[in-house]
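Colleague: One structure coming up, written as structure tokens, with questions to follow.
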Amino acid sequence: MSTLTHRKERTTAPTQTQAWSIPRAHIREEAEGYLLLLEMPGVAKEGVEITVENQELTIVGHRSDANLKGEPLHRESRPHDYRRVFDLDPAIDTGRITAKIEHGVATLRLPKAEKVKPRKIVVSD
Amino acid sequence: MNIIRYQEPELSSSPFGRLESLREEVNRLLENPFFGLNRSGGLVSGWNPVVDVTQDKDFVYIKAELPGLKKEEIDLSLHEGVLTIAGERQREHQQEGEKVYREERTFGRFQRSIALPIAVNSDAIKAAYRDGILTIELPKAEEAKPKQIEVNLS
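Residue numbers (my numbering), protein chains in the order written: chain A, 2 to 126; chain B, 18 to 171.
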């Protein structure tokens, strides 16, 4: 259970009353590390907050899209900002995490620390 | 004894991992009771983007969440008072040696059709796309707007 960016179920922080939307996620492992994609439509670059603390990765996305003008006829969207928390694999080098957001999808690269990458040891003569 | 600490990721096989993902699915269902249902009520595996519609005196406004799509990948059409938003979200090509741990995103073709509440001036529709959100402004047709009739009482 100590591996991967495993989600800790905490959609609403216990000390807060604010409601959050849970962004849909895609997580995959590549040779160099993990790739985490989060769907956060309405969030611009300035609206993304990423923090790492105690092997816990928190991603918050503040929406900057305005509500539609006029009287509502049909509504499916939720106005809340996004938030999701993941437990980090200790193998992840938290100092080298990078992030970008494009078309409302945030992409985080979580590289593995050099020391945990499988390696070949050459036997010397 | 371990010389190099290497942990085999086990999320997909661990019973805790499975329980955890089941719990998440349930939470997601509770959060949005219509998740996984299309408008006709059947279960669909495809993508059904979120849409809002509002209106004021002069316009009908539509907003659709299309995260991950490029502007060029969105098709908009208006036919007999029905506005259709369509497109396709491509799944990324998977490379060898990759392991997918979690896939909550949906891919493939989508189409949402919205019957407009009133006739609109189709030559003056404006659409903008930003941060995965499509917004459309449709001016109501003059002849469809309610009119004030002045009655002169003498």
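We treat Cβ as the ideally placed atom computed from N, Cα and C, and that holds for glycine.
Since this is a predicted model, take the numbers as computed values, not measurements.
I need the straight-line Cα distance from residue 72 of chain B to residue 99 of chain B, nearest angstrom please.
Modeller: Those two C-alpha atoms are separated by around 15 Å.
Colleague: Name the residues in the region 72-90 of chain A whose C-beta lies less than 9 Å from a C-beta of chain B; which are they?
Modeller: From the region 72-90 of chain A, only 72, 73, 74, 75, 76, 77, 78, 79, 90 have a Cβ closer than 9 Å to chain B.
Colleague: Assuming residue 44 of chain A and residue 62 of chain A are in contact, meaning their beta carbons sit under 8 Å apart, how far apart are those beta carbons, in whole angstroms?
Modeller: About 4 Å; that satisfies the 8 Å criterion.
Colleague: Of all Cβ atoms in chain A, is any one closer than 9 Å to the Cβ of residue 165 of chain B?
Modeller: Not an interface residue.
Colleague: Go through its chain and collect everything with a Cβ distance to residue 56 of chain A's Cβ below 6 Å, but skip five positions before and after it.
Modeller: Once the five neighbours on either side are set aside, the close Cβ partners of residue 56 of chain A are 89.
Colleague: Does the Cβ-Cβ distance between residue 41 of chain A and residue 100 of chain A come in under 9 Å?
Modeller: No, these two residues do not count as a Cβ contact at 9 Å.
Colleague: Consider the Cβ of residue 93 of chain B: report whether some Cβ of chain A lies at a distance smaller than 9 Å.
Modeller: Chain A contact via Cβ: absent.
Colleague: Taking the continuous beta strand (DSSP E) assigned at residue 112 of chain A, which residues delimit it?
Modeller: Run containing residue 112 of chain A: 106-112, per the beta strand (DSSP E) assignment.
Colleague: Between residue 102 of chain B and chain A, is the shortest Cβ-Cβ distance under 9 Å, so that the two count as touching?
Modeller: No, its Cβ sits nowhere closer than 9 Å to a Cβ of chain A.
Colleague: Check the Cβ of residue 106 of chain A against every Cβ in chain B and list those closer than 8 Å, keeping chain order.
Modeller: Within 8 Å Cβ-Cβ: 84, 85, 149.
Colleague: Bridge partners for residue 34 of chain A per DSSP, in chain order?
Modeller: Residue 34 of chain A is bridged to A:112.
Colleague: What in chain A is Cβ-close to residue 116 of chain B, meaning under 9 Å?
Modeller: Going along chain A in sequence order, the residues near residue 116 of chain B (Cβ under 9 Å) are 29, 30, 31.
Colleague: If we count Cβ pairs, one from each stretch, closer than 8 Å, do we get three or more for the region 118-126 of chain B versus the region 157-167 of chain B?
Modeller: No contact exists between the region 118-126 of chain B and the region 157-167 of chain B.
Colleague: Among the candidates B:144, B:114, B:148, B:124, whose CA atom is the shortest distance from the CA of residue 77 of chain B?
Modeller: It is B:144 whose Cα lies nearest to the Cα of residue 77 of chain B.
Colleague: Hey, is the region 45-52 of chain A in contact with the region 131-141 of chain B, meaning 3+ C-beta pairs nearer than 8 Å?
Modeller: Taking 8 Å as the limit for Cβ pairs, the verdict is that the region 131-141 of chain B does not touch the region 45-52 of chain A.
Colleague: Under a CB-based cut-off of 9 Å, is residue 156 of chain B close to chain A?
Modeller: Residue 156 of chain B does not count as touching chain A.
Colleague: If you reduce the DSSP assignment to three classes, tell me which class residue 95 of chain A lands in.
Modeller: Looking at residue 95 of chain A - three-state DSSP - the assignment turns out to be helix.
Colleague: Please report the Cβ distance between residue 82 of chain B and residue 149 of chain B, rounded to the nearest whole angstrom; I am assuming they are in contact, meaning their Cβ atoms lie under 8 Å.
Modeller: Going by Cβ atoms, the distance from residue 82 of chain B to residue 149 of chain B rounds to 6 Å, so yes, they are a contact pair.
Colleague: Tell me whether residue 139 of chain B sits in a helix, a strand or coil according to DSSP, three-state version.
Modeller: Looking at residue 139 of chain B - three-state DSSP - the assignment turns out to be helix.
Colleague: What are the residues in the region 118-151 of chain B lying within 9 Å of chain A by C-beta distance?
Modeller: For the region 118-151 of chain B, which is checked against every Cβ of chain A, the residues closer than 9 Å are 118, 119, 120, 121, 122, 123, 131, 134, 146, 147, 148, 149, 150.
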